[in-house]
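Colleague:
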Amino acid sequence: MRLSQYFLPVLKENPSEAQIVSHRLMLRAGMVRQLTSGIYSWLPLGLRVLRNIEKIIREEMDASGAQEVLMATLQPTDLWKESGRYEALGKEMLRFPDRAERELLYSPTCEEVITDIVRTNFRSYRDLPRNLYQIQWKFRDEIRPRFGVMRGREFLMKDSYSFDLDYEGAKKHYNLMYDTYLRMFARMGLTAIPVRADSGAIGGDLSHEFQVVADTGESALYYDAAFDDIRDGKISMTTEEMRGLYAAADEQHKPDAIAKDRLREARGIEVGHIFYLGKKYSEVLGAKITNKEGVDTVLEMGCYGVGVSRLVGAIIEASHDDAGIIWPESVAPFKVGLINLRVGDAKCDATCQNIYEALQGKGIDVLYDDTDERAGGKFATMDLIGLPWQVVVGPKGAEKGVVELKNRKSGEKVELSVEAALAKLA
Ligand code: 5CA
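Going by the working numbering, the sequence shown opens with residue 8, and the numbers climb by one from there.
(1) Taking just the CA atoms, how far does Thr304 sit from Ile237?
(2) Give the DSSP-derived three-state secondary structure of Cys355 in the structure shown.
(3) Using a threshold of 8 Å, state whether the C-beta atoms of His180 and Gly275 are closer than that.
(4) Going along the chain, which residues of its own chain have a beta-carbon closer than 6 Å to the beta-carbon of Gly53, five neighbours each way excluded?
(5) Pick from Gly293, Asp268, Gly285 and Phe103: whose alpha carbon is nearest that of Ile124?
(6) Say the cut is 7 Å; is the CB of Tyr311 nearer than that to a heavy atom of ligand 3?
(7) Please determine, among Arg250, Met157, Gly176 and Met244, the residue with the shortest C-alpha to C-alpha distance to Arg203.
(8) Can you tell me whether Tyr174 is buried or exposed? The criterion is at least 16 other CB atoms within 10 Å of its CB, across all chains shown.
(9) Quick one: is Ala266 buried, meaning 16 or more other Cβ sit within 10 Å of its Cβ, or exposed?
(10) Taking all protein chains shown into account, decide if Val219 is buried (16 or more other Cβ within 10 angstroms of its Cβ) or exposed.
(11) Counting only the same chain and skipping the five closest in sequence on each side, list residues whose C-beta sits under 7 Å from that of Leu96.
(12) For Val319, is the beta carbon positioned less than 7 Å from some heavy atom of ligand 1?
(13) Going by C-alpha distance, which of Ser169, Lys416 and Gly393 is nearest Asp134?
(14) Counting only runs that start and end within the stretch 73-102, where is the alpha helix (DSSP H) found for 4 or more residues in a row?
(15) Using a 10 Å radius around the Cβ and a threshold of 16 neighbouring Cβ atoms, would you call Val421 buried or exposed?
(16) Helix, strand or coil: which one does DSSP assign to Arg9?
(17) Using beta-carbon positions only, say whether Leu57 and Trp49 come within less than 8 Å of one another.
(18) Check whether the stretch 59-75 touches the stretch 84-95, counting contact only when three or more Cβ pairs, one atom from each stretch, lie closer than 8 Å.
(19) Once DSSP output is grouped into helix, strand and coil, what is the label at Ala294?
(20) Since Cys355 and Asn347 are thought to touch, with beta carbons under 8 Å apart, how far apart are those beta carbons, to the nearest angstrom?
(21) With a threshold of 7 Å, establish whether the CB of Thr116 neighbours any heavy atom of ligand 1.
(22) Is it the case that the CB of Asp166 approaches a heavy atom of ligand 1 more closely than 7 Å?
(23) Does the Cβ of Ser316 lie closer than 7 Å to at least one heavy atom of ligand 1?
(24) Could you name the residues of the same chain whose beta carbon sits closer than 6 Å to that of Asn59, not counting the 5 residues immediately before and after it, in chain order?
(25) Please determine, among Glu108, Lys403, Leu429 and Lys286, the residue with the shortest C-alpha to C-alpha distance to Leu412.
(26) How big is the Cα-Cα spacing for Leu86 and Tyr288?
(27) Which stretch, first to last residue, makes up the beta strand (DSSP E) that contains Phe162?
(28) Determine the direct distance from the alpha carbon of Tyr375 to that of Leu172, and round the result to whole angstroms.
(29) Considering only C-alpha positions, which residue in the set Leu432, Leu81 and Asp379 is nearest to Phe2?
(30) Rank Val319, Ala365 and Leu423 by C-alpha distance to the C-alpha of Val28 and give the top, closest one.
(31) What separation, rounded to the nearest whole angstrom, lies between the Cα atoms of Phe217 and Met191?
(32) For Phe162, is the beta carbon positioned less than 7 Å from some heavy atom of ligand 1?
(33) Closer than 7 Å: is that where the CB of Phe170 sits relative to any heavy atom of ligand 1?
(34) Can you tell me where the alpha helix (DSSP H) holding Met195 begins and where it ends?
(35) Quick one: give me the first and last residue of the beta strand (DSSP E) that Met308 is part of.
(36) On a CA-only basis, which of Ser424, Glu118, Ser226 and Lys19 is nearest Gly210? Give me that one, please.
Here it is in structure tokens:
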């Protein structure tokens, strides 16, 4: 993509409405724009990141054996009256009549709809076990939407729902999702800390939140220092080993559960939440199948959420510096930013064109700054939007066939021949 043709409305100044760094950087880097309170439009750069996050989620969910569906965003409120949750969500639930005066709501979550699909389509134990997921927009009329996409009213969620014949099956699904989440977040460059949680309006009696450490997080967090060591790359652990590590959301569980020198206190951003639901929804909505003995059996359920749009903010909170965002390669909107320091200079233009085409030929996403902005502005924009690698082409280097390769994260710069730079990036 050529920057001269790309819709990238970067802001030089810090927007006054943004209180936290991720919100500030998402606005400054032209990733999103607020339409109205808690509701955002995604611009090209932001959408690329969102899609990359979705891709990782899909790959990990598919690998776990889950199957993707797509449920409607609008639902009849009748189903919620049937489940008994019509009142429970209160004003967070956005309701409105259609032309026939039938009441609809914009989905805040999908337990009712998926259970309805299952009760009308699953017949016997042969239909089990199943885990069905979707990546779909949700709406919750939060009292205090804030921090940009972090706590929005409209937000993108991965929600999945598992169905089993018995408790053992449900527990297996729960543990499988637990491991899947740790892997999924790790692939996004995040060390997520699983914390035993209260299951709130969703229900059930076993639940874990997945928290990412950030000063601006909304939850309190107490955890084993090993999680920091994992994040900093000092140690690596299997999901099985991580399971045994201490983490809690309240001080109550703090004092003797862990040695004092291993205890860390921080704030956390909840990027995922898993729930064992048991028969809470299947019982009232009548989701049952016949078991091997031919007896009607009410299904055991679990539900598993990931804050897809929130993750964009959470990754930035976890990975930035004074100059801007530092994208982990796995979610970066482009892998390489190519900077032409003298557009119009025949050697610079030819070298850039050569690199641009070579990278594209290798399937590497590259954003080519071919604008006539001055050098300082070009460097600032590239640092702001945080692509993992920058290739800088200036007249002196182009003369000798040399470019500068900069790693955004370490700041390390090396002079290389064009061929060596291309080899390094591939
Ligand atoms: N039905 C279950 C999971 S399938 C559910 O709704 N769980 S939840 O309420 O915990 O939401 C799942 C995830 O969505 C949360 O962990 C959080 O990361 C994200 N989320 C929740 N509310 C918001 C919001 N207002 N803005 C952005 N993300 C949100």
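Beta carbons: idealized from backbone N, C-alpha and C, even for Gly.
Modeller: So, to answer that:
(1) Translated into the one-based positions of the sequence shown, residue 237 becomes position 230. Translated into the one-based positions of the sequence shown, residue 304 becomes position 297. Each residue's alpha carbon lies about 43 Å from the other.
(2) Residue numbering aside, residue 355 sits at position 348 when the sequence shown is read from its first letter. Helix at Cys355.
(3) Locating residue 180 in the sequence shown gives position 173, counting from the first residue. Locating residue 275 in the sequence shown gives position 268, counting from the first residue. The Cβ-Cβ distance between His180 and Gly275 does not fall below 8 Å.
(4) Residue 53 sits at position 46 when you count from the first residue of the sequence shown. Cβ neighbours of Gly53 beyond the five flanking positions: Met38 and Val39.
(5) By one-based count along the sequence shown, residue 124 stands at place 117. Nearest option by C-alpha distance: Gly293.
(6) Ligand 3 is absent from the structure shown, which contains only ligand 1.
(7) Mapped onto the sequence shown, residue 203 falls at position 196. The shortest C-alpha to C-alpha distance from Arg203 to any of Arg250, Met157, Gly176 and Met244 is the one to Arg250.
(8) Here residue 174 refers to the residue found at position 167 of the sequence shown. By the neighbour-count criterion, in which a residue is buried when 16 or more other Cβ atoms sit within 10 angstroms of its Cβ, Tyr174 is exposed.
(9) In the sequence shown, the residue the question calls residue 266 occupies position 259. With fewer than 16 other Cβ atoms within 10 Å, it is exposed.
(10) As a first step, residue 219 must be located in the sequence shown, where it is residue number 212. Burial of Val219 is indicated by the presence of at least 16 other C-beta atoms within 10 angstroms of its C-beta.
(11) For the purposes of this step, residue 96 is taken as the residue at position 89 of the sequence shown. For Leu96, where only same-chain residues beyond five positions count, the Cβ hits under 7 Å are Pro115 and Ala208.
(12) Here the question's residue 319 lines up with position 312 in the sequence shown. Taking the Cβ of Val319 as the reference point, every heavy atom of ligand 1 lies at 7 Å or farther away.
(13) If you number the sequence shown from 1, residue 134 lands on position 127. Of the listed residues, the one whose Cα sits closest to Asp134 is Ser169.
(14) Fully enclosed alpha helix (DSSP H) runs of 4 or longer: 85-90.
(15) By 1-based counting over the sequence shown, the position of residue 421 is 414. So Val421 counts as exposed.
(16) Here residue 9 corresponds to residue number 2 of the sequence shown, with the count starting at 1. In the structure shown, the three-state DSSP call for Arg9 is strand.
(17) Translated into positions along the sequence shown, residue 57 becomes position 50. Translated into positions along the sequence shown, residue 49 becomes position 42. Their beta carbons are under 8 Å apart, which means Leu57 touches Trp49 by this criterion.
(18) These segments do not touch.
(19) Within the sequence shown, residue 294 is the residue found at index 287, counting from 1. Correct three-state label for Ala294: coil.
(20) Taking the first residue of the sequence shown as position 1, residue 355 is located at position 348. Taking the first residue of the sequence shown as position 1, residue 347 is located at position 340. Indeed, because the Cβ distance is near 5 Å, the residues count as touching under 8 Å.
(21) Here residue 116 refers to the residue found at position 109 when the sequence shown is read from its first residue. Within the cutoff, so yes.
(22) Locating residue 166 in the sequence shown gives position 159, where the first residue counts as 1. Yes.
(23) Along the sequence shown, one-based indexing puts residue 316 at 309. Under cutoff, so the answer is yes.
(24) In the sequence shown, residue 59 corresponds to position 52, counting from 1. Short of 6 Å from the beta carbon of Asn59, and not among the five residues preceding or following it, lie these beta carbons of its own chain, in chain order: Val338.
(25) Here residue 412 corresponds to residue number 405 of the sequence shown, with the count starting at 1. The shortest C-alpha separation from Leu412 is found at Leu429.
(26) Taking the sequence shown and counting its residues from 1, the one referred to as residue 86 is at position 79. Taking the sequence shown and counting its residues from 1, the one referred to as residue 288 is at position 281. Approximately 11 Å, taken between the alpha carbons.
(27) In the sequence shown, counting from the first residue as 1, residue 162 sits at position 155. Counting along the chain, the beta strand (DSSP E) containing Phe162 begins and ends at Glu161 to Asp171.
(28) The residue labelled residue 172 in the question sits at position 165 within the sequence shown. The residue labelled residue 375 in the question sits at position 368 within the sequence shown. Their backbone Cα atoms lie some 54 Å apart in a straight line.
(29) This structure cannot settle anything about residue 2, because the visible part of the chain is limited to 8 through 433.
(30) Sequence index remark: in the sequence shown, residue 28 carries index 21 (1-based). For the options Val319, Ala365 and Leu423, the alpha carbon positioned closest to that of Val28 is the one of Val319.
(31) Counted from its first residue, the sequence shown places residue 217 at position 210. Counted from its first residue, the sequence shown places residue 191 at position 184. The straight-line gap from Cα to Cα measures roughly 11 Å.
(32) Counted from its first residue, the sequence shown places residue 162 at position 155. Flag set: Cβ of Phe162 near ligand 1.
(33) On the sequence shown, position 163 is the one that residue 170 refers to. The answer is no for Phe170.
(34) For the purposes of this step, residue 195 is taken as the residue at position 188 of the sequence shown. First-last for Met195: undefined, no H or E at that position.
(35) In the sequence shown, the residue the question calls residue 308 occupies position 301. Per DSSP, Met308 belongs to the beta strand (DSSP E) from Glu307 to Gly314.
(36) Sequence index remark: in the sequence shown, residue 210 carries index 203 (1-based). Answer by Cα proximity: Glu118.
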